[in-house]
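Beneath this line is the structure, given in structure tokens, with notes to follow.
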Amino acid sequence: MRLFLATIFCALPSIAAPLLKAPLVPDKVADQFVPAQYDGQRIEGILGERMRVNLEGRLLHVDEKAILKGFQQRPGEQDWIGEHAGKFLHAAANTWLYTGDERLKTLMDRVVRAQIATQLPDGYLGTYLDAQRWTSWDVWVHKYDLIGLISYYQITGYEPALDASRKIGDLLCRTFGTGPGQRDIILAGQHVGMAATSVLEPMVNLYRYTGDRKYLDFCEYLVRSWGQANGPKIIESLNAAGSVFHTANAKAYEMMSNLVGLAELYRATGNPVYLKTAQIAWNDIAAHRLYVTGTTSSSEHFTDDDVLPGEEASNVGEGCATVTWLQLTWQLLRLTGEARYAEQLEHTVYNALLGAQDPRTGDICYFTPLNGKKSPTPGINCCVSSEPRGISMIPQLAWGSRANGAAVLFYVPGHATVATSAGGTGIDVRTNYPAEGTAVLTLSPAKAARFPLYLRVPAWTAHFTAAAGGQTYKGTPGEFLAIDREWKPGDEVQVDMDLTARVVAGGPSYPYGVAVLRGPQVLALEQALNRDVLDLQAAGPRGMTVALTDARAKLPRNWRGTQAYSMEGMVAGKPRELTLAPFTDARTYRVWLLKP
């Protein structure tokens, strides 16, 4: 039955496709990249399978009673227990847009109606008793209330969800501010107030969908509050020092949540300081605080420059931080259309994001070490609720519209309908990427028309060509290759890229270590594939350049993936062939190997 479900999930377009509600207020800043709509897509291959597992293994089995209990029987058993309903609704809304799965829709309907039923007359929708209101994680919970309810409203048009969101927004506007009797938002949440002020993101969206100016004014108040004497100084610090490590208390998840909101506020207002600040933070994280797997944070905090410990005890890459990094990068991709953001999205998805998911059960790792053993779990915690949101975003990352043309960012097998200057254009992709570096794209405009096709050329590839209409185009790594020509229905583009293998140094945390990458994937020395290597720490490549050969024949029958590669290596100073697997498939492993 599971195989049958996998085929259905990957091969069929959405059924009962919903119509997205349009915002009432247009943005001041137009996006430079617009993702293809969920219900015009079909994603197959590795990503399609992992999305299926996210639905079948996690979302359809969420503990409905547990995520609602804190609202129905206040106080909640945990200070932030209320976040899980909103996180579920966000992931489920995206997934239903893509699949049209009626089981998921029925579950969402129940959760929304049960949650709204607990809202108090003044708009309060938290899990605290009256005497403890607006302490600890109470505003944070309302942030996720808004994210979940607005996501549900967007895909269903269910007015009570928007009404409940308005009531929350009105309550927050009445409660917090600088007027007589109002509270200081910085004092209402953890981590120098960053937990509470991260309500910025959904408050911008509440403004969009209601047109009520007071919500936008509240967003500007939140940003001003950062600069208070007791505030996190997010804008001031980042523009002065350029370092997230030296901003507030360096708490990764909460700070990036605020930056996601700041990007949304830039879209709504056009204030260039907001975009500049988000980009400064992104540049700093990408340059100094990003693990080779595309995640960030150790013990949930940003570390000092290039200090990236990867052991199990280091609590590597909190799942919530991985997803919020993905969201921040996605915001900047949309706002700028720049290839570097798409590059990072692919790297994070194929490594940190999918690496934290058990590919059979959908269980999730809270932390995912670079050396050690993964420990995915079911149940309820912040990361088990966050990671499904990231996986549900995949259709928004793969392809879309850019500069009047169609843009292909991820080379995934499947289909998408993309808006261009010539109207909706179908793109079908046949590929075995990332195992292979070839892909055939078939374009299907309604009629012959001229528009550009943008193909992302990965920064890591040593060779990239695309052939169309009898002409061959060469791509520049790290940029978009634009093919601007008249396209007819059925025209094909043949892409050929080198999935270049490379060895990267371990930096200050692993001065005697190296990692091996192939194409977008980080490879790991897996214990199960090298059983006679008793000490993985004593193993590494023979040189700083490696040649990888297909080793699928060495995979055990019950192995979770389909890729494996052999390389010439050394173990305790003696030559030996080593077998590597993609980090996403590894269970007990090392990414950082002994430097030759």
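To convert, count from 1 in the sequence shown and add 999; that's my numbering. By construction, the Cβ of each residue, glycine as well, lies at the ideal position given by its N, Cα and C atoms.
* Which same chain residues, not among the five before or five after T1174, have their C-beta less than 8 angstroms away from its C-beta? -> Locating residue 1174 in the sequence shown gives position 175, where the first residue counts as 1. Sequence-distant partners of T1174 (beyond 5 residues in either direction) whose C-beta falls short of 8 angstroms from its own C-beta, in its chain, are W1133, Q1181, R1182.
* Tell me whether A1187 is buried or exposed, calling it buried when 16 or more other Cβ atoms sit within 10 Å of its Cβ. => Counting from 1 along the sequence shown, the entry for residue 1187 is found at position 188. When all chains shown are included, A1187 counts as buried.
* To do: Measure the Cβ-Cβ separation of A1247 and M1255 and say whether it is below 8 angstroms.
  => Counting from one through the sequence shown, the residue named residue 1247 turns up at place 248. Counting from one through the sequence shown, the residue named residue 1255 turns up at place 256. Going by C-beta atoms, A1247 is not nearer than 8 angstroms to M1255.
* Asked: Taking buried to mean at least 16 other C-beta atoms within 10 Å of its own C-beta, is S1197 buried or exposed?
  -> The residue you call residue 1197 lines up with position 198 of the sequence shown. Classification of S1197: buried, given that the 10 Å Cβ count is 16 or more.
* **Under 8 angstroms between C-beta atoms of V1411 and G1044** => Here residue 1411 refers to the residue found at position 412 of the sequence shown. Here residue 1044 refers to the residue found at position 45 of the sequence shown. In contact: V1411 and G1044 (Cβ atoms closer than 8 angstroms).
* How many angstroms separate the CA atom of Y1589 from the CA atom of E1299? -> As a working note, residue 1589 is residue 590 in the sequence shown. As a working note, residue 1299 is residue 300 in the sequence shown. First, the residue type needs correcting, since residue 1589 is Arg and not Tyr in the sequence shown. R1589 and E1299: Cα-Cα distance of roughly 21 angstroms.
* **Burial state of Y1511, where buried means 16 or more other Cβ atoms lie within 10 Å** => As a position in the sequence shown, residue 1511 is number 512, starting the count at 1. Counting every other CB atom within 10 Å of its CB across the protein chains shown gives Y1511 a total below 16, marking it as exposed.
* Measure the alpha-carbon distance for T1475 versus V1494 and round it to whole angstroms. => Position 476 of the sequence shown holds residue 1475. Position 495 of the sequence shown holds residue 1494. So the two alpha carbons sit approximately 13 angstroms from each other.
* Burial state of T1548 (16 or more Cβ within 10 Å) -> Within the sequence shown, the letter at position 549 stands for residue 1548. Classification for T1548: exposed.
* Measuring alpha carbon to alpha carbon, tell me which of R1057, F1479, N1229 ends up nearest S1400. => Residue 1400 sits at position 401 when you count from the first residue of the sequence shown. Per the Cα distances, F1479.
* In or out: M1107 buried (at least 16 other Cβ within 10 Å) or exposed? -> On the sequence shown, residue 1107 is found 108 positions in, with the first residue counted as 1. By the neighbour-count criterion, in which a residue is buried when 16 or more other Cβ atoms sit within 10 angstroms of its Cβ, M1107 is buried.
* **Beta-ladder partner(s) of H1414, from DSSP** => By 1-based counting over the sequence shown, the position of residue 1414 is 415. According to DSSP, which records beta bridges pairwise, H1414 is partnered with R1041, D1427.
* To do: In angstroms with no decimal places, state the Cα-to-Cα distance between P1433 and P1519.
  => As a first step, residue 1433 must be located in the sequence shown, where it is residue number 434. As a first step, residue 1519 must be located in the sequence shown, where it is residue number 520. The alpha-carbon atoms of P1433 and P1519 are separated by roughly 7 angstroms.
* To do: May I have a chain-ordered list of the alpha helix (DSSP H) segments no shorter than 4 residues that lie completely inside the region 1078-1149?
  => Fully contained in the region 1078-1149 are the following alpha helix (DSSP H) runs of length 4 or more, in chain order: 1082-1098, 1101-1115.
* Going by Cα to Cα distance, which pick from A1465, G1436, E1311, G1468 is closest to P1375? -> Counting from 1 along the sequence shown, the entry for residue 1375 is found at position 376. Residue E1311 holds the alpha-carbon nearest to the alpha-carbon of P1375 among A1465, G1436, E1311, G1468.
* Asked: In three-state DSSP terms, what is Y1252?
  -> For the purposes of this step, residue 1252 is taken as residue 253 along the sequence shown, with counting starting at 1. Shown here, Y1252 sits in a helix according to DSSP, grouped into three states.
* Asked: Just reading off the alpha helix (DSSP H) that S1391 is part of, what are its end residues?
  -> Sequence index remark: in the sequence shown, residue 1391 carries index 392 (1-based). Note, S1391: alpha helix (DSSP H), 1381-1391.
* **DSSP-derived helix/strand/coil call for R1551** => Looking up residue 1551 in the sequence shown gives position 552. For R1551, the secondary structure class from DSSP, reduced to helix, strand or coil, is helix.
* With distances taken between CB atoms, is the gap from L1331 to Q1278 smaller than 8 angstroms? -> Indexing the sequence shown from 1 puts residue 1331 at position 332. Indexing the sequence shown from 1 puts residue 1278 at position 279. Q1278 sits close to L1331, with the two beta carbons spaced by under 8 angstroms.
* Asked: So is N1093 buried or exposed if we call it buried at 16+ other beta carbons inside 10 Å?
  -> Residue numbering aside, residue 1093 sits at position 94 when the sequence shown is read from its first letter. Per the 10 Å Cβ criterion, buried.
* Asked: Could you give the C-beta distance for T1276 and N1238, rounded to a whole number, given that I count them as a contact under 8 angstroms?
  -> The residue given as residue 1276 occupies position 277 in the sequence shown. The residue given as residue 1238 occupies position 239 in the sequence shown. With a Cβ gap of about 6 angstroms, T1276 and N1238 count as contacting.
* Asked: For L1004, does the count of other Cβ atoms within 10 angstroms reach 16, so buried, or fall short, so exposed?
  -> As a position in the sequence shown, residue 1004 is number 5, starting the count at 1. Confidence in L1004 is poor, its pLDDT being 31 and thus under 50, which makes the residue's placement unreliable; the coordinate value appears in the next sentence. By the Cβ neighbour-count rule, L1004 is exposed, with fewer than 16 other Cβ atoms within 10 Å of its own.
* Hey, T1209 and L1023 are a contact pair by Cβ (cut 8 angstroms); roughly how many whole angstroms apart? -> Taking the sequence shown and counting its residues from 1, one reaches residue 1209 at position 210. Taking the sequence shown and counting its residues from 1, one reaches residue 1023 at position 24. Contact check for T1209 and L1023: beta-carbon distance about 7 angstroms, within the 8 angstroms limit, so the pair qualifies.
* To do: Just grab the DSSP bridge partners of I1482 for me.
  => Taking the sequence shown and counting its residues from 1, one reaches residue 1482 at position 483. Answer is L1452.
* **Beta-carbon proximity check, G1422 vs A1458, cutoff 8 angstroms** => Stepping through the sequence shown from its first residue, residue 1422 is reached at position 423. Stepping through the sequence shown from its first residue, residue 1458 is reached at position 459. Their beta carbons are not under 8 angstroms apart, which means G1422 does not touch A1458 by this criterion.
* **Per-residue DSSP class, three states only, for T1006** => Indexing the sequence shown from 1 puts residue 1006 at position 7. Residue placement at T1006 cannot be trusted, given a pLDDT of 30 that sits under 50; what the coordinates show is reported in the next sentence. T1006: helix per DSSP, three-state reduction.
* **Proximity to A1500 [Cα-Cα], best of N1229, S1150, P1581, Y1453** => Taking the sequence shown and counting its residues from 1, the one referred to as residue 1500 is at position 501. The shortest C-alpha separation from A1500 is found at P1581.
* Excluding five sequence neighbours on each side, which residues of the same chain lie with their C-beta closer than 6 angstroms to the C-beta of S1164? -> Residue numbering aside, residue 1164 sits at position 165 when the sequence shown is read from its first letter. When the five nearest sequence neighbours on each side are left out, the beta carbons in the same chain lying within less than 6 angstroms of the beta carbon of S1164 are those of L1145, L1148, I1149, L1205, in order along the chain.
* Looking only at C-alpha atoms, which of N1403, W1079, V1243, V1052 sits nearest to E1386? -> As a working mapping, residue 1386 is identified with position 387 in the sequence shown. The option with the nearest alpha carbon to E1386 is V1052.
* Tell me whether Y1206 sits in a helix, a strand or coil according to DSSP, three-state version. => For this step, residue 1206 is matched to residue 207 along the sequence shown. Three-state DSSP puts Y1206 in a helix.
* My understanding is that A1091 touches L1058, with C-beta atoms under 8 angstroms, so please give their C-beta distance in whole angstroms. => Reading the sequence shown from its first residue, position 92 is the one you call residue 1091. Reading the sequence shown from its first residue, position 59 is the one you call residue 1058. Right, the Cβ-Cβ distance comes to about 5 angstroms (below 8 angstroms), so this counts as a contact.
* Asked: So who's on the other strand from M1193, going by DSSP bridges?
  -> The residue you call residue 1193 lines up with position 194 of the sequence shown. Bridge partners of M1193: none, in fact.
* **Cβ-based neighbour list, K1142, same chain, cut-off 7 angstroms, excluding 5 preceding and 5 following** => Residue numbering aside, residue 1142 sits at position 143 when the sequence shown is read from its first letter. A distance below 7 angstroms between beta-carbons, with the five flanking residues on each side excluded, links K1142 to the following residues of its chain, in chain order: S1197, V1198, P1201.
* Give every residue of the same chain whose Cβ lies closer than 6 angstroms to the Cβ of Y1509, excluding the five residues on either side of it in the sequence, and list them in chain order. => Residue 1509 sits at position 510 when you count from the first residue of the sequence shown. The beta carbon of Y1509 sits closer than 6 angstroms to those of W1591, all from its chain and outside the five residues before and after it, given in chain order.
* **Start and end residues, beta strand (DSSP E) containing E1525** => Reading the sequence shown from its first residue, position 526 is the one you call residue 1525. E1525: member of the beta strand (DSSP E) spanning 1520-1525, first to last residue.
* Asked: Taking the continuous beta strand (DSSP E) assigned at G1069, which residues delimit it?
  -> Residue mapping note: residue 1069 aligns to position 70 of the sequence shown, counting from 1. Taken as a continuous stretch (DSSP letters only), G1069 belongs to no beta strand (DSSP E), being part of the alpha helix (DSSP H) at 1063-1071.
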